[in-house]
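*Asks:* Note that this note's numbering has the sequence shown beginning at 767, numbered continuously upward.
Ideal Cβ positions, reconstructed from N, Cα and C, are used throughout, including at glycine.
Being a predicted model, the structure only gives us computed values, none of them experimental.
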Amino acid sequence: MPPLPRRDLRNLVCMLGADSRPAQKTQALATPAKLLRDCNGDAGSLGAIAAAGAIPPLVQLLGSGVSAGVQGNAAAALCSLSQNAANTVAIIAPGSIPPLVKLLGPGSSAHVQEMAAGALMNLARSNAGNRAAIAAAGAIPPLVQLLGPGASDEVQEMAAGVLTNLAMNADNRVAIAAAGAIPPLVQMLGRGASAAVQEMAAGALRNLAHSDADSRVAIAAAGAIPLLVQLHSKEL
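(1) Note the first and the last residue of the continuous alpha helix (DSSP H) segment covering M924.
(2) Should I906 and A883 be called a contact, given that it needs their Cβ atoms to be closer than 8 Å?
(3) Measure the Cβ-Cβ separation of I991 and A975 and say whether it is below 8 Å.
(4) Where does R856 land, buried or exposed, given buried means 16+ other C-beta within 10 angstroms?
(5) Output needed for A852: all residues of its chain with C-beta closer than 7 Å, excluding positions within five of it in sequence on either side, in chain order.
(6) CA-CA distance, G861 and K1000?
(7) In this structure, does DSSP put V832 in helix, strand or coil?
(8) So does the segment 950-957 actually touch the segment 931-940, counting three or more Cβ pairs closer than 8 Å?
(9) Determine the DSSP secondary structure at L721, reduced to helix, strand or coil.
(10) Note down, in chain order, each residue of its chain lying with its Cβ closer than 7 Å to the Cβ of M934, except the 5 sequence neighbours on either side.
(11) Using C-beta distances below 7 Å, list every residue in its chain close to A890, excluding the 5 sequence neighbours before and after it, in chain order.
(12) Does the beta-carbon distance from A841 to M887 come in below 8 Å?
(13) Does S764 come out as helix, strand or coil in the three-state DSSP assignment?
Printed below as a string of structure tokens:
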């Protein structure tokens, strides 16, 4: 799909704004969402959509009073845009972290939870300040809840991915372990989980074990070692 001209992108961004009717916002979200899917992480396309001013209205659409479908599409758009490290500052600036964290809660659909977690995972990937801000916004307890058996594989994978990145921070490692993340992460290593979920869980446990003797003991006590050996054997 060829990129839209800048003028058309700006018109779409205007339709996302506060003065637009809900139907216009839904229609406007559909085109950038398709563009973001089709561009497959292309930095130029992601940058063009951000440069057109899409990020602030997308953050506004994460808030209360917006339908779950619109919230999910807005979170999905931000998840895609946040793949470009150059966009992360622009996504953080309008205050995206608190509403994204709120969307992790039980009041959101699985799709919204997955997209919100995906955006947070990308924001936390390479920015220590973002990792601290996400934890300070209260993300760790709901993320741990999303590791449970009631969550879909996709939600579990994204939640474990956020925790993997948050656990690069020493204070966050302590908070993640204290929130009870280790037993469900170990359970996610088992045969019933998809390969993607197992990989994310193993990554989170690896980071939790880094420079933290208590977590290393807790991970072993939860039964991780035989499961990790089995996963390693599969790769040989």
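*Replies:* By the coordinates alone:
(1) 919-932
(2) no
(3) In terms of Cβ geometry, I991 and A975 do not form a close pair [threshold 8 Å].
(4) According to the sequence provided, residue 856 is Ala. The question's Arg does not apply to it. The residue is buried, with at least 16 neighbouring Cβ atoms inside 10 Å.
(5) The residues are G813.
(6) Cα to Cα, G861 sits roughly 43 Å from K1000.
(7) coil
(8) Under the 8 Å Cβ criterion, the segment 950-957 does not count as touching the segment 931-940, having fewer than three qualifying pairs.
(9) Since the first residue of the chain shown is 767 and the last is 1002, residue 721 is not available in this structure.
(10) R897, N973
(11) N896, R897, I900, V928, N931, L932
(12) no
(13) Absent from the model: residue 764. The displayed extent of the chain is 767 to 1002, so no value can be given.
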